[in-house]
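Heads up, the thing below is written out as structure tokens.
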Amino acid sequence: MSDLLDDPTPGQNMPEFTVSEISGEVKRTLEGTFGRIRVRGEVGRVFKARSGHLYYDVKDDRSVLACTTWKGQIAGLSVVPEEGLEVVVTGRLTAFGAQSKYNMNVDEVAVAGQGALMALLEKRKKQLESEGLFAPERKRTLPYLPQIIGVVTSPSGAVIRDILHRLRDRFPCKVLIWPVAVQGNACAPEVTRAIEGFNALTPGGALPRPDLIIVARGGGSIEDLWGFNEESVARAAAGSEIPLISAVGHETDTTLIDYVSDQRAPTPTAAAELAVPVRLDLLAWTGEQGARLSRAASDAVQRRAQRLADLARALPRPDTLLDGPRQRLDQSAERLPNALIRGVQNRRVKLLDMSAHLRPATLRGIVETRRDRWTNLSSRLSTRPIQRELTARSDQLQRLTERLNAAQALRIDRLRQQLDATDRLRETLSYKATLERGYAVVRAEGTVVTRKAQAEKHGALQIEFADGELTTGDNAARPAVKKSKSGPPSQGSLF
């Protein structure tokens with residue numbers, strides 16, 4: 001019975017796999033069998049995750065292939081997948097065992113055919129036009145004479161040489177070149193960064209901001225020019241604060257940047273011609289305008305001189321203008337002596353008439369009247385109010401004098417107390433109090449000696465004690481000056 005249990009059941013001798021093992025085997029089989037492949041189809045659902053990874057479907061009329069482009073691979077795509085676009089994707093097949101699904105990791109996307117590219121271009125064009133980026137009213141006027149021109153193009157192509165040569169022939173100016181790739185995967189991001197970089201410069205800085213931008217490229221196929229059809233390039237050109245000229249391709253080539261730019265040039269050489277005027281033409285024009293201005297000024301001066309001469313002929317001579325006033329002056333001079341004599345006579349007669357009316361009795365009456373009036377007024381003025389006013393003012397003065405004397409005595413007493421306190425403080429801080437405690441001050445030739453070496457250099461020393469001075473050394477015989485124990489003589493009271 002046990003032998004029967006140990007025998008394997010018929011049909012059960014196949015190897016067993018775990019779920020992870022079979023998923024890994026399927027993934028290795030897919031990746032090893034197909035390797036790197038290209039698949040053509042129409043882009044279906046497109047979804048960009050928060051992580052930055054791009055998920056989308058590529059389908060035909062019967063099947064759907066799930067595709068994934070990781071965040072780090074998106075920058076390398078020449079075309080970003082859009083729903084409804086027919087593309088050719090390149091990458092590797094792989095499997096995702098957690099959901100038993102397989103998908104394709106895509107690292108390159110190309111549009112399948114020129115018709116698809118034109119359809120995508122038309123779709124983007126309608127979208128940008130609906131946002132108003134093509135509106136004529138938002139386009140800026142190009143500066144007439146830019147000081148600095150920024151050129152976005154390849155530094156090694158014939159385009160930049162044509163532009164520089166044309167600018168040098170017409171009107172030499174400063175040119176800033178921002179080198180970019182003009183085709184391929186790097187074209188769109190580099191052109192976008194160049195336009196935004198020129199706008200980010202500070203006017204008047206170390207690297208000055210250009211007054212005009214030219215985005216230029218030579219002719220090519222629609223695939224070669226596709227970088228200038230990218231939405232990022234069109235939006236950067238539309239958002240540029242600096243006026244922008246697009247000169248991409250030849251006259252028959254049209255890209256999205258041509259619609260959003262402020263001015264489109266058919267060729268890079270034509271862009272240089274639009275950017276600056278012809279210097280010789282300007283010089284000729286300014287010379288012509290200067291000559292016209294000189295002629296106009298000369299003609300104006302001549303006309304005004306002729307007008308002044310005509311007016312001068314209509315004016316009378318200066319002598320004739322003075323004839324009338326001179327005659328009036330002579331007449332007045334002849335009449336003046338007689339008028340003066342008559343005036344004096346008339347005033348003499350008037351004076352005599354007035355003196356006849358003035359009699360002594362009349363004058364005496366006027367004087368008496370005035371004297372009586374002053375007598376009445378003096379009698380009305382009594383001295384009693386004045387005496388009362390003087391008495392009141394005298395009493396007030398006496399009171400103020402007493403208050404002033406009291407305040408002065410109080411102030412003098414306070415100052416005396418402060419002086420006494422200051423004198424006591426002086427006695428406390430004086431070195432005399434130190435001498436009373438047994439110390440002495442040693443001097444040599446009037447200078448205080450504080451070191452033994454200083455004392456040895458001098459033959460005579462003066463030692464000051466609390467009760468006087470003592471001289472030692474060569475002058476020891478000289479009698480010392482005795483001082484009073486009470487200190488220096490008093491200066492007496494200031495009060």
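Be aware that the sequence shown starts at 1, since it is given in UniProt numbering, and climbs by one per residue.
Cβ atoms here follow ideal geometry from the backbone N, Cα and C, with glycine treated the same way.
Asked	Found
4 or more residues per run - each alpha helix (DSSP H) lying fully within the stretch 104-180	114-130, 158-170
Nearest-angstrom Cβ-Cβ length linking residue 89 and residue 111, presumed shorter than 8 Å	Between residue 111 and residue 89 the Cβ distance is about 11 Å, and since that is not below 8 Å, they are no contact.
Residue 217 and residue 159 closer than 9 Å at C-beta	yes
Exposed unless 16 or more other CB atoms sit within 10 angstroms - verdict on residue 462	buried
Segment contact flag, the stretch 250-262 with the stretch 146-156, C-beta cutoff 8 Å, min 3 pairs	no
Sufficient close CB pairs (3 or more, under 8 Å) joining the stretch 32-39 to the stretch 89-98	yes
Cβ neighbours of residue 277 in the same chain (closer than 8 Å, five flanking residues each side left out)	144, 145, 170, 171
Backbone CA spacing between residue 331 and residue 338 [nearest angstrom]	12 Å
Buried or exposed (CB count within 10 angstroms, at least 16 for buried), residue 183	buried
Euclidean distance between Cα positions of residue 208 and residue 176	9 Å
Per-residue burial, residue 104 [other beta carbons within 10 Å of its own, 16 or more giving buried]	buried
Own chain, CB closer than 7 Å to residue 76, minus 5 neighbours either side, in chain order	107, 185
Cβ pair count under 8 Å reaching 3, the stretch 270-287 against the stretch 231-247	yes
Terminal residues of the alpha helix (DSSP H) in which residue 289 lies	279-314
Ranges of the alpha helix (DSSP H) found wholly within the stretch 397-452, counting only runs of at least 4	431-436
9 Å Cβ cutoff met for residue 261 and residue 215	yes
CB contact check: residue 233 to chain C, cutoff 9 Å	Absence of chain C from the displayed structure is noted, only one protein chain being present.
Residue 18 - DSSP class collapsed to helix/strand/coil	coil
Reduced DSSP secondary structure (H/G/I, E/B, other) of residue 331	helix
Helix, strand or coil at residue 512 according to DSSP, with G and I counted as helix	A question about residue 512 goes unanswered here, because the residues of the chain that appear run from 1 up to 495.
Proximity winner among 61, 126, 49, 120, relative to residue 81 (alpha-carbon distances)	120
Check whether residue 133 and residue 297 have beta carbons under 9 Å apart	no
Local conformation of residue 84 per DSSP, three classes	coil
Element boundaries [beta strand (DSSP E), containing residue 220]	Careful: residue 220 lies outside any beta strand (DSSP E) and carries neither H nor E.
C-alpha distance - residue 54 paired with residue 226, whole-angstrom precision	22 Å
Runs of beta strand (DSSP E) lying entirely within the stretch 240-272, each at least 3 residues, in chain order	244-248
C-beta contact flag for residue 179 and residue 210 at 9 Å	no
Among 44, 130, 289, nearest to residue 61 - alpha-carbon criterion	44
Whole-angstrom distance between residue 167 and residue 122, CA atom to CA atom	35 Å
Residues bridged to residue 25 (per DSSP)	Paired residues: none, contrary to the question.
Under the three-state DSSP convention, the category residue 66 falls into	strand
contact_flag[the stretch 456-471, the stretch 437-446] where n(CB pairs < 8 Å) is 3 or more	yes
Distance between residue 429 and residue 420 (C-alpha atoms, nearest Å)	14 Å
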